[in-house]
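S.K.:
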Amino acid sequence: NGGGMNGSSTMMDFLEEPLPGVGTYEDFNTIDWVREKSRDRDRHREITSRSKESTWALIHSVSDAFSGWLLMLLIGLLAGSLAGLIDISAHWMTDLKEGVCLAGFWFNHEHCCWKSNTTFTDRDKCPEWMSWSQLILGHGEGAFAYILNYLMYVVWALLFSLLAVLLVKGFAPYACGSGIPEIKTILSGFIIRGYLGKWTLIIKTITLVLAVSSGLSLGKEGPLVHVACCCGNILCHLFTKYRKNEAKRREVLSAAAAAGVSVAFGAPIGGVLFSLEEVSYYFPLKTLWRSFFAALVAAFTLRSINPFGNSRLVLFYVEFHMPWHLLELVPFILLGIFGGLWGAFFIRSNIAWCRRRKTTKLGRYPVLEVLVVTAITAILAFPNEYTRMSTSELISELFNDCGILDSSQLCEYANDVNSTKGDDLPDRAAGPGVYTAMWQLALALVMKVFITIFTFGMKVPSGLFIPSMAVGAIAGRLLGVAMEQLAFYHHDWAIFSGWCSQGADCITPGLYAMVGAAACLGGVTRMTVSLVVIMFELTGGLEYIVPLMAAAMTSKWVADAIGREGIYDAHIRLNGYPFLEAKEEFSHKTLAMDVMRPRRSDPALTVITQDSMTVEDVETIVNETTYSGYPVVVSRESQRLVGFGLRRDLIISIENARKKQDGIVSTSVIYFTEHSPPLPPSSPSMLKLRSILDLSPFTVTDQTPMEIVVDIFRKLGLRQCLVTHNGKLLGIITKKDVLKHIAQLANQDPDSILFN
């Protein structure tokens, strides 16, 4: 009894107040969703119970409930403001490659010519805007002027891309690429410190402008999702419940991803659906409404900052004058097949190139790679009108339905215009301008198909949405013009006779471009519903949902038949991130005992006993192993499970106890029970660490089918579960073990899963 009394007087339970760092996670580790949600429920119950005690507590309870909406408002405002800044800057710097405005160098080409008195057809040739040859030589005609403009175009492109890659390499390596594969992994519960930090946000914002302005075959839409998620992560630190809970923070990041798509395309509903369908792992109903609110705020903020640019609420507004016909579903499905084939080809080629980049000397020289690809792109792009213009402008022109006032080559038809009804023009024979445009578009298609493979994944911010849409829009416009000419010259064929008489306006090439864009984007990303809604919001074409859906579904089916992964999932696997895909089914007949560790030939499972190990014993285990956590058992003989302790929590708790508590030495006993064990009177102070223990770790038996285990990991977001046999602890299965097992069964390298 004396020993027991002495033990109780010298034991230390200093963790009644939580220590800084306890309950947090190390870099490149997975969060415990169950523990995080449990913590949030406890916090909410405590606030609710206290709200009945005083007025101040009630106000605190109301402010806690309202804080989520306030955070969404701030994210929408910040994301929309940054997107507006990026949009305005990118337009100006893109035009800077071709000339400068005399009225003010800060004006882009369009803004420069607003007050000009030029005619509508010559609206892009106002005297206030001068090309570099006009500025330097005094004239813009002739071979030397062309060469000078060509040279300036290439030099500006190289300068922009050089600045972009140097800033990324020197200040924020995480600012490169699209960011969506990593965000998808983070939202599944993985920790990547710094990926959504302030330096990444600053450098990504600057270098995104530079990369887009350089003329590389990339878009700003994917990186804008990364920018918005950085905004969400940084603003989370203003609110305690989001700062201290990783699961709650991921709800905010899901909403931020929706805001990112909203500012990229002006598509709030599509942004929410994209976040739900494509990137989010956990998406409760309240997150749906908050995401929509953040997306709306972001879209309206962007519009208020740049109301006259491509950032208006409808990015590529279309107004087609004739409805589509049921028979046109055949060419629309052909575009879907093309999109699926292009998507599968692009994914395989790009992943092969990225893998080669990682395993050869090429990866050691990212600056040189960016400059070489930029030089090739600029040299090939300048001679062709359709590759020289920005990709967004190209898509807008391809979507356009030719009207009376259109001066584009795509609208230079023969026999122009004898009988019109308003803006409606009948199908006509293609003139020289259309044929020239077709050849230029065909060359542009070949260039963009191949150059995008080498561009996506370089060490600069690079999105894939707009380049993929451009490939599809070009292919769609080519097919649309072909169908239009076929209907014009062979209107008496059976397929046209019922609905397309001579002189009627029945084929709309711009619609084919829109359907082709959706097909190629769907083939690369495997989006379906969110893609159709984004395209509807992007163009304002509600009546064209059926053609878009037919092309998107065909594209997905064709691409899935060749390879199951979309581009983002393929890059997740390439980088070895521990992402457990919720859409794939596990159909193999293996058991938990086939996957758990230790295996039969391995050493016994490393465990900590509940009341018989000293500080030195636990520190030795921690130092000699690299596991993220350790099961706690009653004794090594019984192997009866008590709980599970995280490595990080053990290290922090012991270090703090040594510094702040008297009597804690290497021989001090650590115990995880409610009451201290009896010890001799001369024993040093004991250390109680029950509060850091997870007393309800998830367990399965060794005979549980892996199909169920995989489902449990997916739906509960577990980082590990313990395996028992007849009530005794037998082994452990981590998320990494599950991923390695799935990779092995799919004949892939299990060691490609790099992180815990």
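Positions in the sequence shown are counted from 1; adding 460 to them yields the working numbering.
Quick reminder that beta carbons are idealized off the backbone N, C-alpha and C, glycines included.
1. What beta strand (DSSP E) runs, 3 residues minimum, are completely inside the segment 1081 to 1151?
2. Using CA atoms only, rank isn't needed, just tell me which of H686, D1029, D524 and E829 is closest to M987.
3. Classify G1187 as buried or exposed, calling it buried when 16 or more other Cβ atoms lie within 10 Å of its own Cβ.
4. Which of the three DSSP states, helix, strand or coil, is assigned to A890?
5. What do you get for T700, buried or exposed, if any count of 16 or more other CB atoms within 10 angstroms of its CB means buried?
6. Can you give me the C-alpha to C-alpha distance between Q561 and L538, rounded to a whole angstrom?
7. Could you check what DSSP says for S591 in three-state terms: helix, strand or coil?
8. Near L661, which residues of its chain fall below 6 Å by C-beta distance, leaving aside the five closest residues on each side in sequence?
9. Compare the Cα-Cα distances from I507 to each of V522, V494, E997 and T915 and report the closest residue.
10. Please report the residue range of the beta strand (DSSP E) in which G559 lies.
11. Which of the three DSSP states is assigned to C696 in this structure?
12. With a cut-off of 8 Å, does the C-beta of V614 fall near any C-beta of chain D?
13. Taking L789 and V1018 to be in contact with their CB atoms under 8 Å, please state how far apart those CB atoms are, rounded to whole angstroms.
14. In the structure shown, what three-state DSSP assignment does P969 receive?
15. Less than 7 Å between C-beta atoms, sequence neighbours within five positions excluded: which residues of the same chain meet that for L1002?
16. Quick check on this structure: which residue in C696, S621 and M782 has the alpha carbon closest to the alpha carbon of T554?
17. Relative to the C-alpha of S852, which candidate in P1210, S677 and W959 has its C-alpha closest?
18. If you compare alpha carbons, which of L991, L623, Y655 and G823 is closest to S638?
19. Since T1161 is in the alpha helix (DSSP H), which residue starts that stretch and which ends it?
20. Count the other CB atoms within 10 Å of the CB of I839; is the residue buried (16 or more) or exposed (fewer)?
21. Have a look at the DSSP bridge pairing and note the partners of P921.
22. Between G893, G936 and K746, which has its C-alpha nearest F526's C-alpha?
23. Quick check: A758 and G528, are their CB atoms within less than 8 Å of each other?
24. Could you say which of E711, C586 and P783 lies nearest to E496 if we only look at CA atoms?
25. Just checking, does the segment 815 to 834 make contact with the segment 1004 to 1022 on the three C-beta pairs under 8 Å criterion?
26. DSSP three-state label for L1199, please.
27. Per the DSSP calculation, V931 is bridged to which residue(s)?
28. A715 and S751 - do their beta-carbons sit closer together than 8 Å?
29. Closest by CA to F798, which one among E845, G936, R1179 and V721?
30. Which whole-angstrom value is the C-beta distance of N568 and S591, which I expect to be below 8 Å?
31. Where does M1009 fall in DSSP's three states?
32. Could you pull the DSSP bridge partners for H440 from this structure?
33. Could you say which of F1039, F1046, Q1208 and K1200 lies nearest to I643 if we only look at CA atoms?
34. Considering Cα atoms alone, identify which of D965, N1035, I911 and R1100 is closest to M782.
35. Here's the rule: buried if 16 or more other CB atoms are within 10 angstroms of the residue's CB, otherwise exposed. What is D1211?
M.R.: With the structure as the only source:
1. 1089 to 1093, 1101 to 1106 and 1129 to 1131
2. D1029
3. exposed
4. strand
5. exposed
6. In the sequence as displayed, the identity of residue 561 is Cys instead of Gln. The alpha-carbon atoms of C561 and L538 are separated by roughly 30 Å.
7. strand
8. C690
9. V522
10. G559 to C561
11. helix
12. No chain D appears in the structure shown, which is made up of a single protein chain.
13. 16 Å between Cβ atoms; not a contact.
14. helix
15. F996
16. S621
17. S677
18. Y655
19. From DSSP, T1161 is part of no alpha helix (DSSP H) but of the beta strand (DSSP E) over T1159 to T1161.
20. exposed
21. G637
22. K746
23. no
24. E711
25. no
26. helix
27. The partner list for V931 (beta bridge, DSSP) is empty, contrary to what the question assumes.
28. yes
29. G936
30. Not confirmed; about 14 Å, so no contact.
31. helix
32. The question about residue 440 has no answer here: the residues shown for the chain are numbered 461 through 1216.
33. F1039
34. D965
35. exposed
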